Each structure stands twice: as C-alpha cells, then as structure tokens.
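Colleague: This is the structure I have questions about; it appears just below.
2 protein chains.
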Amino acid sequence: MRKDSRLSRMLHVLLHMARHDGPMTSEHIAKMLQTNPVVVRRTMAGLRDAGYVRSEKGHGGGWAIAADLEKVSLLDIHRAVGGPSLFAIGAEHENPACAVEAAVNEALEDALREAEALLVARLGAVSLAELARSFDARCVAGGWPHPGGS
Amino acid sequence: MRKDSRLSRMLHVLLHMARHDGPMTSEHIAKMLQTNPVVVRRTMAGLRDAGYVRSEKGHGGGWAIAADLEKVSLLDIHRAVGGPSLFAIGAEHENPACAVEAAVNEALEDALREAEALLVARLGAVSLAELARSFDARCVAGGWPHPGGS
DNA sequence: TTTCACGATACTTATCATGTTACATGATTC
DNA sequence: GAATCATGTAACATGATAAGTATCGTGAAA
Chain A
17 MRKDSRLSRM
27 LHVLLHMARH
37 DGPMTSEHIA
47 KMLQTNPVVV
57 RRTMAGLRDA
67 GYVRSEKGHG
77 GGWAIAADLE
87 KVSLLDIHRA
97 VGGPSLFAIG
107 AEHENPACAV
117 EAAVNEALED
127 ALREAEALLV
137 ARLGAVSLAE
147 LARSFDARCV
157 AGGWPHPGGS
Chain B
17 MRKDSRLSRM
27 LHVLLHMARH
37 DGPMTSEHIA
47 KMLQTNPVVV
57 RRTMAGLRDA
67 GYVRSEKGHG
77 GGWAIAADLE
87 KVSLLDIHRA
97 VGGPSLFAIG
107 AEHENPACAV
117 EAAVNEALED
127 ALREAEALLV
137 ARLGAVSLAE
147 LARSFDARCV
157 AGGWPHPGGS
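Same order as they appear, the protein sequences are chains A and B. This note's numbering numbers the first residue of the first sequence as 17 and each following residue consecutively. This note's numbering numbers the first residue of the second sequence as 17 and each following residue consecutively.
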C-alpha cells in the first residue's frame with residue numbers, strides 16, 4: 017500500500033518557508049516537492065484552515081507562515097492534513113458478532129493503540145521550530161551549504 | 017486507505033481451528049470471515065508455507081493447525097501473511113537530495129521506528145496459545161456460549 | 001468414476017492518495 | 001480597465017494494492 021506522504025511533504029515545505037523571506041508560490045513549492053501545484057494547494061488548504069499558513073492571490077502572492085513555529089507540533093500538522101490513519105493494518109469488522117473475532121480484535125487493537133499513543137506523543141513533542149533548529153545543526157555539523165535549492 | 021486485515025483474519029481463523037476437531041474447508045472458513053474461499057486459500061498459503069497450518073485435498077480435506085501454538089506469535093503470523101508495512105504514513109523519497117527533506121524524513125522515521133519497535137515487541141510477545149487462552153477466559157467471565165458459530 | 005477440496009491463474013472491484021486539466025476568482029501592475 | 005499572476009475549486013485520470021470473483025487443473029477419498 018502506498019504511503020500517505022502529506023505530513024512529510026508539509027513539514028518539508030514548512031521548514032523551507034521558515035528559512036525563506038516572502039511568500040512562496042504553489043508552483044515553486046510543487047517543484048520542491050516534485051509534484052503538481054494543485055496537489056500543493058489542496059494539501060496546504062488544511063494548514064491554511066488551521067491557521068498555520070496564509071495564502072494570497074495575485075502578483076506577489078503565494079504561501080507564508082502564519083503562526084509561531086514554537087507552538088505548532090508535527091502532530092498538529094498531521095491533523096491539519098486530515099489526520100489520516102497511522103496504521104496500514106487493522107481489523108475487518110468494527111463490531112464483530114463472533115466472540116473469537118472480538119477477542120482477536122481486542123488484542124490487536126490494544127497493541128495498535130499503544131503504538132499509536134507512542135507515535136502521537138513523539139509527534140506532539142516536537143515543534144516545527146525545534147525541527148528547523150535541528151536542521152540548522154545538521155547543516156553546521158555536516159558542512160552543508162545552508163539554504164538548499166529544493 | 018482501507019486497512020490490511022490479513023493478520024486479523026488469520027488470527028480469527030487460527031483460534032477457531034485451535035478449538036475445532038478435524039480439518040476445516042476453505043468454504044467453511046470463508047463463511048466465518050464473510051469472504052471468498054479463494055481469498056482464504058490465497059491468504060492461508062503463507063501460513064502453510066511457514067508451516068503453521070497444513071492443507072489436504074479431496075474428501076475430508078481442508079485446513080488444520082500444524083504447529084505448536086505456544087511457539088507461534090502474532091508477529092510470526094504477520095510475517096507469514098507477507099509482513100506488510102505497518103504504517104500508512106511515510107516519506108515520499110527514500111534518499112532525498114534536499115537537506116531539509118532529509119532532516120524531516122529522519123525525524124519522522126525516528127518516531128515511526130520507535131512505534132514500530134513497540135508494536136513488533138507487542139506482537140512478538142503474544143503466542144497464539146495465549147491468545148486462545150485469553151479468549152477462553154473472556155468466555156467464562158462474560159458467560160458466552162463457548163464454541164461460537166462464526 | 002464421481003465428488004470433493006485445494007492450487008493456481010487471470011481478471012475485476014474498491015479505495016484512496018496522487019496527478020492532471022480546466023476554469024473561476026481576486027489582487028497587482030500597467 | 002485590461003492583462004497578468006496566483007490561488008480556489010471542480011472534475012476526472014492514474015497507480016498501487018488488498019480484496020473479490022470466475023474458471024480450470026490436480027489429487028484424494030468414497
């Protein structure tokens with residue numbers, strides 16, 4: 017099953033925007049993500065609705081950060097793009113009539129719930145600002161040219 | 017994205033088989049799972065290849081347990097059905113040229129790795145026998161009629 | 001030899017993120 | 001105000017994959 021990369025893509029965009037002056041167009045962003053401007057607008061609409069970014073039409077328009085990156089976590093972004101299910105496996109029926117199936121589901125869902133709690137906690141504990149700073153640190157440590165092209 | 021229910025289904029079948037005398041046909045199993053016999057054979061082929069079940073053709077044929085349930089974990093079954101990816105989210109590119117994207121991927125993959133380790137540990141810690149016993153306990157506690165129809 | 005049940009192949013369906021085309025809307029520039 | 005730029009939105013195509021279906025072959029039991 018192909019993976020949902022919306023969170024990953026939006027984080028990528030947000031970090032670029034955090035180190036970029038002025039708005040970025042969908043077309044520019046699409047090139048960064050190697051995709052289509054419409055996909056960018058569609059996905060970023062969630063971030064806009066959540067107030068994390070702002071979009072402006074017309075000349076000089078585009079997308080810009082609209083929130084304090086210290087206060088937005090990776091989990092917030094995950095939710096802003098629709099908070100898709102984190103797992104690719106699960107039970108077939110929600111409320112099985114069969115007692116055996118119910119027992120199996122409970123065992124599996126217990127395990128999944130725990131893993132989800134861990135993942136949610138991890139994503140919720142990291143702010144975009146921290147992620148951006150850790151990126152800066154990587155650049156210094158690894159001797160990368162900082163701004164980066166894409 | 018619709019979830020992969022192979023693990024859940026196979027556990028359901030295995031628990032029934034553990035409390036059932038003689039082989040069960042694909043058709044019988046398919047009714048339990050509310051699906052098609054071909055789907056059953058296709059999915060159970062993995063369990064057979066791994067040696068967890070055995071299949072016999074002809075009159076009186078069907079599927080039967082072929083392993084010590086104490087020694088088979090839920091993780092083993094997950095792997096026997098193909099060990100599909102556990103997560104529905106992930107990064108777009110494996111080895112991004114962009115340093116920002118690489119940093120994002122690393123952060124996300126760290127979190128996913130941790131959650132996966134937890135989930136794998138949980139699934140690996142439970143044997144089919146334990147799962148079956150916990151089902152028995154549920155029946156007693158809840159006053160269910162034990163054998164169950166589907 | 002008939003019936004039963006699995007084995008295997010091929011094809012269809014369902015789902016959903018992603019990709020694409022087309023056009024409307026609003027803002028800026030001239 | 002006309003042209004241009006950029007987003008907003010709708011509609012549809014694509015790709016991947018689990019699941020569903022139809023069909024026929026194979027081997028075992030009655």
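Glycine included, every Cβ here is placed at the ideal spot set by N, Cα and C. Just so you know, these numbers come straight off a predicted model, no measurement behind them.
To the nearest angstrom, report how far apart residue 62/B and residue 22/B are at their CA atoms.
Modeller: Here residue 62/B corresponds to residue number 46 of the second sequence, with the count starting at 1. Here residue 22/B corresponds to residue number 6 of the second sequence, with the count starting at 1. Spanning the two alpha carbons is a distance of roughly 10 Å.
Colleague: May I have the straight-line CA-CA distance separating residue 138/B from residue 128/A, to the nearest angstrom?
Modeller: Indexing the second sequence from 1 puts residue 138/B at position 122. Indexing the first sequence from 1 puts residue 128/A at position 112. The straight-line gap from Cα to Cα measures roughly 9 Å.
Colleague: With burial defined as no fewer than 16 other Cβ atoms inside 10 Å of the residue's Cβ, what is the status of residue 92/B: buried or exposed?
Modeller: What you label residue 92/B is simply residue 76 of the second sequence in a count that begins at 1. Flag for residue 92/B reads buried.
Colleague: For residue 80/B versus residue 67/B, is the C-beta spacing smaller than 8 Å?
Modeller: What you label residue 80/B is simply residue 64 of the second sequence in a count that begins at 1. What you label residue 67/B is simply residue 51 of the second sequence in a count that begins at 1. Going by C-beta atoms, residue 80/B is not nearer than 8 Å to residue 67/B.
Colleague: Take residue 98/A as the anchor and find which of 52/A, 32/A, 64/A has the nearest alpha-carbon.
Modeller: In the first sequence, residue 98/A corresponds to position 82, counting from 1. The residue with the shortest Cα to Cα distance from residue 98/A is 64/A.
Colleague: Measure the Cβ-Cβ separation of residue 85/A and residue 153/A and say whether it is below 8 Å.
Modeller: As a working mapping, residue 85/A is identified with position 69 in the first sequence. As a working mapping, residue 153/A is identified with position 137 in the first sequence. No, these two residues do not count as a Cβ contact at 8 Å.
Colleague: Along the chain, where does the beta strand (DSSP E) that runs through residue 70/B open and close?
Modeller: Position 54 of the second sequence, counted from the first residue, corresponds to residue 70/B. Per DSSP, residue 70/B belongs to the beta strand (DSSP E) from 69-72.
Colleague: Please classify residue 83/A: does DSSP put it in a helix, a strand, or coil?
Modeller: On the first sequence, residue 83/A is found 67 positions in, with the first residue counted as 1. Correct three-state label for residue 83/A: coil.
Colleague: Against chain A, does residue 106/B count as a neighbour if the rule is that its beta carbon must be under 8 Å from one of theirs?
Modeller: Along the second sequence, read from residue 1 onward, the residue named residue 106/B stands at position 90. True, the Cβ-Cβ gap to chain A drops below 8 Å.
Colleague: Between residue 109/A and residue 117/B, is the Cβ-Cβ spacing less than 8 Å?
Modeller: Indexing the first sequence from 1 puts residue 109/A at position 93. Indexing the second sequence from 1 puts residue 117/B at position 101. The answer is no: Cβ separation not under 8 Å.
Colleague: Mind listing, in chain order, the continuous alpha helix (DSSP H) runs of no fewer than 4 residues lying wholly within the region 115-141 of chain A?
Modeller: Complete alpha helix (DSSP H) runs here, min 4: 115-141.
Colleague: State the CB to CB distance for the pair residue 54/A and residue 31/B, rounded to an integer number of angstroms; the pair is presumed to be in contact (CB under 8 Å).
Modeller: Walking along the first sequence from the start, residue 54/A turns up at place 38. Walking along the second sequence from the start, residue 31/B turns up at place 15. At roughly 48 Å, the Cβ-Cβ gap does not stay under 8 Å, so residue 54/A and residue 31/B are not in contact.
Colleague: Counting contacts by CB-CB distance shorter than 8 Å, is residue 88/A in contact with chain B?
Modeller: Counted from its first residue, the first sequence places residue 88/A at position 72. By this cut-off, residue 88/A is not an interface position.
Colleague: If contact means a Cβ-Cβ distance below 9 Å, which residues of the region 39-69 of chain B contact chain A?
Modeller: Under the 9 Å Cβ criterion, the region 39-69 of chain B contributes 48, 49, 50, 51.
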